[in-house]
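K.L.:
To start, I am sharing the structure in question, which I have written as structure tokens.
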Amino acid sequence: MMTKQHFGTSHVPLSPAVRAGDFIYVSGQVPVGANGEVVVGGIEVQTRQVMENVKAALALAGAELSDVIKTFVILEDAREFAAFNKTYATYFPSNPPARTTLEARLMIDIKIEIEAVAYKPLK
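First residue of the sequence shown? That's 2 in this note's numbering, and the numbers climb one at a time after it.
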């Protein structure tokens, strides 16, 4: 039987990470710092914060960025794709995960949101 575990809490009805068997699903992470405030800055600063938040959500479930097999990225402005890509690439220096990137209006005034799926077999 496949196990399912929820990790972390949020002020909205979602779990930051959910493990289903050997897979870990990370909810869309936004550029919010430890103080709960959106970080001030451009796409590079916000991408770094989002990736740190993805990393933290993965850690709750015992995984790390190297376990990520797929990401889904939403950019508020497609013109910032190159700058986003440059920062994002630093988090996956080799064997980057599969990825979908699109432009859309986001729920709050931010430039980026990223969700991730990781594969980390249960021991």
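Ideal Cβ placement from N, Cα and C applies to all residues, glycine included.
Within its chain, find whatever has a CB closer than 8 angstroms to the CB of Gly34; leave out the 5 residues flanking it on each side and keep chain order.
P.N.:
Val40, Gln50
K.L.:
Using the C-alpha atoms, what's the distance from Gly42 back to Pro122?
P.N.:
37 angstroms
K.L.:
Could you check whether the stretch 89–96 touches the stretch 13–29, counting it as contact only if at least three pairs of C-beta atoms, one from each stretch, sit closer than 8 angstroms?
P.N.:
no
K.L.:
Going straight from the alpha carbon of Asp110 to that of Asp68, what length do you get?
P.N.:
30 angstroms
K.L.:
State the Cα-Cα distance for the pair Asn36 and Asn96, rounded to the nearest angstrom.
P.N.:
33 angstroms
K.L.:
Of all the beta strand (DSSP E) runs that stay within the bounds of the stretch 7–93, which reach a length of 3 or more residues?
P.N.:
18–21, 24–30, 69–76
K.L.:
So is Lys124 buried or exposed if we call it buried at 16+ other beta carbons inside 10 Å?
P.N.:
exposed
K.L.:
For Arg106, name the three-state secondary structure that DSSP assigns.
P.N.:
coil
K.L.:
Below 8 angstroms CB to CB, which residues in the same chain sit around Val31 once its five sequence neighbours on both sides are set aside?
P.N.:
Val39, Val51, Asn54, Leu107, Ile109, Ile111, Ile113, Glu114
K.L.:
Name the DSSP bridge partner or partners of Ile113?
P.N.:
Leu76
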